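Student: Residue numbering for the sequence shown follows the numbering used here, beginning at 905 and increasing consecutively. Built from N, CA and C at the ideal position, the CB exists for glycine as well. Quantities reported herein were computed from a predicted structural model and do not represent experimental measurements. Quick one: the structure is below, and I'll ask about it shortly.
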Amino acid sequence: MAEGKIVRLRIKRQSGPQAAPQWEDFNVAYRPGMNVIVALMDIAAQPRNAEGQPTTSVSYEANCLEEVCGACAMVINGRPRQACSALIDRLEQPITIEPLSRFPVVRDLVVNRQRLFNDLKRVKAWIPIDGSYDLGPGPRESAADQETAYPLSRCISCGNCLEVCPQYNDKTGFVGAAVLSQVRLFNLHPTGKLHAGERLDALSGPGGHQECGFAQNCVNICPKDIPLTDSISAVGRQLIVHAVRQALGS
Ligand code: SF4
């Protein structure tokens, strides 16, 4: 696309959580190297639709602009992805932009991802450190475990893997691949292991690991190339061992 041309966008808009969604078209001036966030910033600077009528600026979330914070996840040309790494030159036009559909819409492209954060809390996706005093050196982590853990630690809680998961809905209450992978990460950590049993207990009930249908869409869409299907299998093995140990009382 040459300079001086127009970028055409079709954006699914919703003025509030209860409002009906509607599509609005926009044209913005093309500049080399621009991404979807730049186009949304242009609309915000001069909110007029493609007919030239004044309109409200499109609400969206963004922060780091380098695919690290996860905030700008949205569905672009039918594919969930980060808007900051969605380059205009590589997108067919008109570019359709929609909010993630698995979370409630707050306004336009802003969604409420609280369910994901609640599920991370449910499985204690953190390393418990009690107090601010010197605890001394912690246990060492083997190089092999570090190699396994690093890719898992790149999760940005964007929710893209949940958007393509057929099991992530209100009926199943499934926690989704991102949360299962975080359980694998924290159960691997020498200190995190202390709460491994509690994490696995949290995944043994409704919405837990058994809800996964292994569709494997998650691993193909993850922007951080996290080996999600490996994590799902690894956590499945941990759950079996955990259940056997519980049955044997060991
Ligand atoms: S696992 Fe990947 S797609 Fe899922 S929330 Fe984390 S970074 Fe996003």
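Could you name the residues that DSSP lists as bridge partners for Q926?
Tutor: Beta-bridge pairing links Q926 to R917.
Student: Let me make sure I understand the geometry here. Which of V962, P925, V1083 and A1147 has the alpha-carbon closest to that of C1122?
Tutor: V1083
Student: Is the beta carbon of C988 less than 9 Å from the beta carbon of L1004?
Tutor: no
Student: I'd like to check one pair, G1109 with T1076: are the Cβ atoms closer than 9 Å?
Tutor: For T1076 and G1109, no; Cβs fall outside 9 Å.
Student: Under a criterion of Cβ closer than 7 Å to any non-hydrogen atom of the ligand ATP, which residues qualify, in chain order?
Tutor: Among the ligands present in this structure, namely the ligand SF4, the ligand ATP is not found.
Student: Determine the direct distance from the alpha carbon of D1034 to that of E996, and round the result to whole angstroms.
Tutor: 51 Å
Student: Pair every Cβ in the segment 1144-1152 with every Cβ in the segment 1089-1098, then say whether three or more of these pairs are closer than 8 Å.
Tutor: no
Student: So E970 is in the alpha helix (DSSP H); what residue range does that whole segment cover?
Tutor: Unbroken run through E970: none, as it is neither H nor E.
Student: For V1139, count neighbouring C-beta atoms within 10 Å of its own C-beta (all shown protein chains included) and say buried if the count is 16 or more, exposed if not.
Tutor: buried
Student: From D1134 to D1012, what does the alpha carbon distance come to, in whole angstroms?
Tutor: 35 Å
Student: Enumerated in chain order, which unbroken segments of the alpha helix (DSSP H) with a length of 4 residues or greater are wholly contained in the segment 981-1065?
Tutor: 1018-1026 and 1047-1056
Student: Starting from the Cα of E928, find the closest Cα among T960, N1124, P1070 and V972 and give me that residue.
Tutor: T960
Student: For V1027 versus A1081, is the C-beta distance shorter than 9 Å?
Tutor: no
Student: List the residues that DSSP assigns as beta-bridge partners of A854.
Tutor: Beyond the ends of the chain as shown, which are 905 and 1154, falls residue 854; an answer cannot be given.
Student: Can you tell which of A977, L1024 and L1039 has its C-alpha closest to the C-alpha of I1001?
Tutor: Comparing Cα positions, the closest option is A977.
Student: Should I1060 go down as buried or exposed, given a rule of 16 or more other Cβ atoms within 10 Å for buried?
Tutor: buried
Student: Under a Cβ-count criterion, where at least 16 other Cβ atoms within 10 Å of its own Cβ denotes burial, should I910 be classed as buried or exposed?
Tutor: exposed
Student: Would you mind giving the Cβ-Cβ distance between V962 and I999, rounded to the nearest angstrom? I have them listed as a contact below 8 Å.
Tutor: 13 Å between Cβ atoms; not a contact.
Student: Nearest-angstrom Cα distance between G1153 and F1090?
Tutor: Rounded to whole angstroms, the gap between the alpha carbons of G1153 and F1090 is 24 Å.
Student: Mapping the DSSP letters down to three states, classify I1125 as helix, strand or coil.
Tutor: helix
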